[in-house]
Amino acid sequence: MGHAFASAVSPSEWVFPLVPASYDASHKRLVYFPSESERKIPAMLLLPADSDVELWRWGALVTSCVIYFHPNAVDIGNCTEDMETIRDGAYAGDALMLAPEYPGYGLLMEYEPSVDGINLVAREAWHYCQDVLGFRPEQIMLWGRSIGAGPAADLAHHVVSDLADESVGQGSAAPLTLGGLVLIAPFSSITAVIMHHTASQFIASLFGPMWNVHSTLQDEAMKDVPLCIIHPKEDELIPSEHGLRAYQTSASRKKYGVWLTNATHNFHIQEDHLVNVGVFITQVIKSNRVVQMRVGHLGRSYGASAPAVKEGDLERQELVRSLVEGAGAEFPARAAPPSVPVGRGQSREPTAQEEASTSKEVPKSTEAPNSEAPNSEEGPKSGEVREAPPSKPSGDGVFLM
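The structure is reproduced here in structure tokens:
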């Protein structure tokens, strides 16, 4: 059985199904930023309001910047509704949202998706938020949904490691960190997900961990990164035990968990789900400001004038300003899909217009095992349980996350 499976479809085709592009180069919210391979990366940029403000000024005008890493059954064109909901529900509109595209999706569909390629995109998105949009590290929060939990957690670890090195060099006793990490339906590792569905060690071994979110969150380097886990209790693709385990065993000293009842994997995010998440985020923002006042800014400091830039950043910004597709990309070309009936090219989450759903809040909260409440008597209790609307269809015969 395992060998037959392996010959029918590659691990990449399972984890990264081919999704028809939902947008083109004319999309009004599309921006580009460069990568190390000189291939410009498309991203959806959702501003707090329509404005002619120069991009580099936004770090001084809004409180937070969110980098959103999307699931594997959609591209960034399908994500704008979720981005709006997160901005308005968790940040009361006081945030700028950026969703970078993955190799193998949307305008990068011709390239082969891979962990390394997606991690590269994530790190360049971080540079874009600092160097072009003018945000400091503690203003930037990372959100990852499903497969997006992998690059979000990896980027968080990469950033805090860099900031720790920077603070040591400057002799700071209390290094700054990034603003926070929010994971929706995260997985422990891809291997663990495959084992859950196939009970086959052989098949699981074909995939490898890819991103090992559980191990990343356990690393002591992540102790100062505020963490929020949101997981549907009836998740049929990534069991909620993955999210609970990540929550309970993470090194983070400030964390919060939300477990959605009556919700499966592809639930429709609504503002009601994010009310208490917003309270937690508000507490995190206040705490980050206190730390910032104590130790001062690390690295670049942004005010009323243009941000200072490091050597090499001027070229990066010139590339971004051009907003013209570059050549010489070094992402590997995407292989042609195999001729097997796995529903390729047809799988995506329906838009809100295709399927509306309703939300009903459960007035009573329960506490998850080993949970920790935010550091405020008036804040939400960890382990919140809320009722979610019915999930959207997940596609036809493709393993979607």
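Okay, so the sequence shown: first residue is 167 according to my numbering, each after it adds one. By construction, the Cβ of each residue, glycine as well, lies at the ideal position given by its N, Cα and C atoms. Please read these numbers as outputs of a predicted model, since none were measured by experiment.
- In this model, S203 and L274 are separated by some 13 Å (Cα to Cα).
- Residue state for S178 is assigned as helix, using DSSP reduced to three classes.
- The DSSP assignment places complete beta strand (DSSP E) segments of no fewer than 3 residues inside the region 352-415 at 393-398, in order along the chain.
- The way I'd put it, the region 401-411 doesn't touch the region 435-443; fewer than three beta-carbon pairs between them come closer than 8 Å.
- Annotation for W425: the continuous beta strand (DSSP E) segment containing it runs K421 to T427.
- Take the alpha-carbon of K452 and the one of H193: they are about 35 Å apart.
- A residue is called buried once 16 or more other Cβ atoms fall within 10 Å of its Cβ, and E179 is buried on that count.
- Per DSSP, I313 lies in no alpha helix (DSSP H) segment and is marked neither H nor E.
- For C295, the enclosing alpha helix (DSSP H) starts and ends at V281 to D297.
- In this structure, DSSP gives A239 a state outside helix and strand, which the three-state scheme calls coil.
- Nearest to Y277 by C-alpha distance, out of E290, Y422, P183 and G374, is P183.
- F433 sits in coil when the DSSP states are folded into three classes, being neither helix nor strand.
- By the CB criterion at 8 Å, G283 and P269 fall inside the cutoff.
- Between the alpha carbons of A265 and V232 lies a gap of roughly 8 Å.
- Pairing R253 with I369, the inter-Cα distance amounts to about 39 Å.
- The three-state reading of DSSP puts G255 in helix, counting H, G and I together.
- DSSP places P269 in the coil class of the three-state scheme, outside both helix and strand.
- Secondary structure note for L227: its alpha helix (DSSP H) is the uninterrupted segment W224 to L227.
- Three or more Cβ pairs closer than 8 Å define a contact, and the region 391-403 meets that threshold against the region 421-432.
- In this structure A387 does not touch L347 by the C-beta definition: roughly 12 Å separates them, more than the 8 Å allowed.
- Per DSSP, the beta bridge partners of S230 are A261.
- In the displayed model, P303 falls within a helix according to three-state DSSP.
- With at least 16 other beta carbons inside 10 angstroms of its own, P214 counts as buried.
- Per DSSP, V443 has no beta bridge partner at all.
- Listed in chain order, the non-local C-beta contacts of V197 below 6 Å within the same chain comprise A209 and L211, local neighbours out to five positions each way being set aside.
- Annotation for G243: A187, S188, Y189, H193, M210 and G272 place their beta carbon closer than 8 Å to its own, counting only its chain and skipping 5 residues before and after.
- If the five residues before and after T251 are omitted, its C-beta is found closer than 8 Å to the C-beta atoms of I435, Q436, E437 and L440, all from its own chain and listed in chain order.
- Taking C-beta separations shorter than 7 Å and ignoring five residues to either side along the sequence, the partners of A351 in its chain run R311, S312, H397, P398, D401, I404, G409 and H431, following chain order.
- Linking D385 to A322 through their CA atoms gives a straight-line distance of about 11 Å.
- Residue range G346 to I350 is occupied by the beta strand (DSSP E) that includes V348.
- Selection Y422, D248 and T382 evaluated against F446 yields Y422 as nearest (Cα-Cα).
- Scanning its chain for C-beta atoms nearer than 8 Å, with the 5 sequence neighbours on each side dropped, one finds around S354 the residues N378, V379, H380, H408, R411 and A412, in chain order.
- Looking at the backbone, the Cα of H324 and that of L286 are separated by about 11 Å.
- For A358, the number of other beta carbons within 10 angstroms of its own is at least 16, and it is reported as buried.
- Under the 10 Å beta carbon count, D248 is surrounded by 16 or more other beta carbons and is classified as buried.
- Leaving aside the five residues that flank G314 on each side, the residues in its chain whose CB is nearer than 7 Å to its CB run, in chain order, F235, H236 and P237.
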